[in-house]
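Student: Following this message is one structure expressed as C-alpha cells.
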Amino acid sequence: MPISFAHKLTDKIVLITGASSGIGEACAHYFAEAGARLILCARREGKLQALADDLQQKYSVKTFLLPLDIQQSDAINTAIANLPESWQAINILINNAGLSRGLDKQYIAPLQDWEEMIDTNVKGLLYMTRAIVPGMVERNSGHVINIGSVAARYTYPGGSVYCATKAAVKVLTEGLKIDLLGTPIRVTNIEPGMVETEFSDVRFRGDTDRAKSVYSGITALTADDIADSILYAATRPLHVNISEIYLLATDQSTGTLIHRREQP
Ligand code: NDP
Ligand code: 8X3
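Residue numbers (numbering that gives the first Met the number 0): 0 to 263.
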C-alpha cells in the first residue's frame, strides 16, 4: 500500500477553521489536491471567496463558505444546523483558527487581549467541536484535528495567556479522545513551532517590522510544512490514530532557544 494515501480523501468533507490565511489556507490547498470537498470558515469572507475561486481553478474542487466568528457559539450552531444536506456529513474537522495578542506581562496585559485569545483559541475550538462531533458519533466516522503549539510545552515571557490557551488545546484534545473511546473517531493534536504566517502581524496589530523580526535570521516553518503534517495524520489507515505531531524548524530547539544567523 502506498504510504502517503492509505486513507483516501476523495469526496470527504473537510471543515477548516481559519482558512483565510496561513496554515488553514495551506490546508485548503493540500486537502483540495487530495480530492476532498471543503467547508472554508473564517471571518474575512472576501479572502474565503478568493481562496475558493483559486481552488476551483486549480483542482476543480467543490467548496462551501462559512464566514463566521468562532467566538460566537450561536452563529456556529445556526451555520452548522443550516448546512445544505450534501454538506452535512463532515468527515474531518480541522480546528485551526486561533491568534495571539501582544506580549505584555501577565499582571499588566489588557483584559481584552486575554478575552480574545481565550474566546477564540479555547472556547471557539470547543464550540466547533460541540457543534460537529455529535454528527460524527451518529455517523460512526470522523476525525478532529486540533492545532496546538510548541507554546503548550514552553511558557515564554509575555506569552503566558497564549501559552495557556495552547496548553488547554493539548488537554482538550486528550480529553476528546478519551471521551470518544469506543467510537472509530480519531483525534489529533498538531503542535508546530515558529511558522511564518500572518500570526505575528496579528499579535503586533499590523506592526510589520516587529512581526518580521520574529523570523529574522532563521528559516522558519512554512504553512505548507504544517499542512503536510495534517494531511499525513488524516491519510493514515483508519485503525491508526496519530495522537500528536510536534514539529519545529531546524533553527529552533525549544520555545525560546532559537539559532539566528547573522544578517547581511
Ligand atoms: P494566521 O494569522 O495566518 O491565520 C489565523 C486564521 O485564524 C485566519 O484565517 C483568521 O481568519 C482565523 N481566525 C482568527 N480568529 C478567528 C475567529 N474569531 N473566527 C474565525 N476565524 C478566526 O495564523 P496561523 O496560520 O499561523 O495560525 C493558525 C493556527 O496555528 C492558530 O491556532 C495558531 O495559534 C497556530 N499556531 C501558529 C504558529 C505560528 O508560529 N504561526 C505556531 C503554532 C501554532 P479571519 O481573520 O479571516 O477570521
Ligand atoms: C505560535 C508559536 O512560539 O510564537 O504558537 O508561540 S510561538
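We treat Cβ as the ideally placed atom computed from N, Cα and C, and that holds for glycine.
When we look at the beta-carbon of residue 205 and count the other beta-carbons within 10 Å, is it buried (16 or more) or exposed?
Tutor: Per the 10 Å Cβ criterion, exposed.
Student: Using the beta-carbon count (16 or more within 10 Å), is residue 69 buried or exposed?
Tutor: The residue is buried, with at least 16 neighbouring Cβ atoms inside 10 Å.
Student: Between the Cα of residue 167 and those of 130, 122, 191, 84, spot the shortest distance and give me the residue it belongs to.
Tutor: With distances taken between Cα atoms, residue 167 lies closest to 122.
Student: Have a look at 112, 120, 19, 213 and flag the residue whose alpha-carbon is nearest the alpha-carbon of residue 41.
Tutor: Of the listed residues, the one whose Cα sits closest to residue 41 is 19.
Student: So, helix, strand or coil for residue 185, using DSSP?
Tutor: Correct three-state label for residue 185: strand.
Student: Taking the C-alpha atoms as reference points, what is the distance between residue 213 and residue 66?
Tutor: In a straight line, the C-alpha of residue 213 is about 30 Å away from that of residue 66.
Student: Ligand 1 heavy atoms versus the CB of residue 209: any closer than 7 Å?
Tutor: Checking every heavy atom of ligand 1 against the Cβ of residue 209, none is found closer than 7 Å.
Student: Go ahead and pull the three-state DSSP assignment for residue 13.
Tutor: Residue state, collapsed to three classes: strand.
Student: Just to check my reading of the structure: residue 51 and residue 8 have Cβ atoms closer than 8 Å, yes? What is that Cβ distance to the nearest angstrom?
Tutor: Actually they do not touch by this definition, with Cβ atoms about 18 Å apart.
Student: Assuming residue 186 and residue 143 make a contact with CB atoms under 8 Å, what is their CB distance in whole Å?
Tutor: Residue 186 to residue 143, Cβ: 5 Å. Contact.
Student: Please return the same chain residues whose Cβ sits closer than 7 Å to the Cβ of residue 159, not counting the five positions on each side in sequence.
Tutor: Result list for residue 159: 105, in chain order.
Student: Strictly by DSSP, which residues pair up with residue 62?
Tutor: DSSP lists 37 as partners of residue 62.
Student: For residue 178, count neighbouring C-beta atoms within 10 Å of its own C-beta (all shown protein chains included) and say buried if the count is 16 or more, exposed if not.
Tutor: Burial call: exposed.
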